[in-house]
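Per the working numbering, numbering through the sequence shown is continuous, rising by one, with the last residue being 680.
Note that beta-carbon positions come from the ideal geometry of N, C-alpha and C, so glycine has one too.
Since this is a predicted model, take the numbers as computed values, not measurements.
Worksheet: the structure to be examined is printed underneath.
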Amino acid sequence: MHHLLIMEELGGNAWWFDRFLAQHIAIFYYFMTAFMYALSPRMAYHFSECVEGHAFETYDKFIKAQGVELKKLPAPTVAIKYYTEGDLYLFDEFQTARPPNSRRPKIENLYDVFMNIRDDEAEHCKTMKACQSHGSIRSPHSYPDDERDDDSGCIVPEADCQGIVDCIKKSVKDPGAMKN
Ligand SMILES: [Fe+2]
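Written as structure tokens, this is what we have:
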């Protein structure tokens with residue numbers, strides 16, 4: 501949501517067709533991933549990991565190509581607020597592979613903004629990867645500092661079966677195990 505607000509402040513929502521396209525793709529994407537999740541949560545998380553990875557690479561290329569220009573431009577107010585001001589509890593909620601308070605960006609220009617958007621995508625990528633092996637994640641704030649699993653934010657045990665494909669496979673292989 502904050503990446504979107506930043507792009508809007510930079511003028512990305514100026515043309516109605518861009519808004520129209522983005523909103524309709526978002527609806528399509530939502531239903532597509534929800535359908536994938538019903539079939540297999542692992543598949544949906546893997547797909548999202550690929551999307552986040554692609555986003556990281558795209559921002560990385562952009563920063564490398566436009567870095568000098570970006571450093572001369574001011575940061576949008578919404579970016580300064582999101583990354584540096586007020587209660588950063590929600591910001592930390594999205595850093596599932598690191599302890600709260602361990603990432604505090606400095607935002608001095610537009611270059612810093614895009615660097616941090618890119619780094620956000622890397623964090624999303626780690627979260628999507630962790631969800632594939634653990635099934636579900638817990639809030640990073642719910643761990644006492646000494647109990648953190650640095651590999652991911654996930655210690656919730658896997659459900660008996662995950663998604664329609666997994667349920668069908670397990671019920672064919674071992675029908676007795678699916679009674680509960
Ligand atoms: Fe993302």
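Taking C-beta to C-beta, are residue i and residue j nearer than 8 Å?
i, j, result
"phenylalanine 562", "cysteine 625", "no"
"leucine 570", "leucine 521", "no"
"serine 548", "threonine 533", "yes"
"cysteine 631", "tyrosine 545", "yes"
"histidine 641", "proline 576", "no"
"arginine 618", "aspartate 660", "no"
"valine 613", "isoleucine 525", "no"
Does residue i come out as helix, strand or coil in the three-state DSSP assignment?
i, result
"leucine 610", "helix"
"glutamine 595", "coil"
"cysteine 661", "coil"
"glutamate 557", "helix"
"tyrosine 643", "coil"
"asparagine 601", "coil"
"proline 541", "helix"
"glutamate 508", "helix"
"methionine 615", "helix"
"glutamate 585", "coil"
"arginine 681", "Any question about residue 681 goes unanswered here, given that the chain covers just 501 to 680."
"alanine 575", "coil"
"tryptophan 516", "helix"
"aspartate 620", "helix"
"methionine 501", "coil"
"aspartate 666", "helix"
Would the C-beta of residue i count as close to ligand 1, meaning under 7 Å from any of its heavy atoms?
i, result
"alanine 555", "yes"
"glutamate 621", "yes"
"glutamate 508", "no"
"glutamate 552", "yes"
"histidine 624", "yes"
Give the C-beta separation of residue i and residue j to the nearest angstrom, bearing in mind that I take them to be a contact with Cβ-Cβ under 8 Å.
i, j, result
"glutamate 623", "phenylalanine 591", "With a Cβ gap of about 10 Å, glutamate 623 and phenylalanine 591 do not count as contacting."
"proline 605", "tyrosine 583", "5 Å"
"leucine 539", "isoleucine 664", "5 Å"
"valine 578", "glutamate 621", "About 18 Å separates the two Cβ atoms, so there is no contact after all."
"glutamine 662", "arginine 519", "Between arginine 519 and glutamine 662 the Cβ distance is about 36 Å, and since that is not below 8 Å, they are no contact."
"methionine 628", "glutamate 552", "6 Å"
At the 8 Å Cβ level, is residue i part of the contact set with chain B, yes or no?
i, result
"lysine 581", "You won't find chain B in this structure, because it holds only one protein chain."
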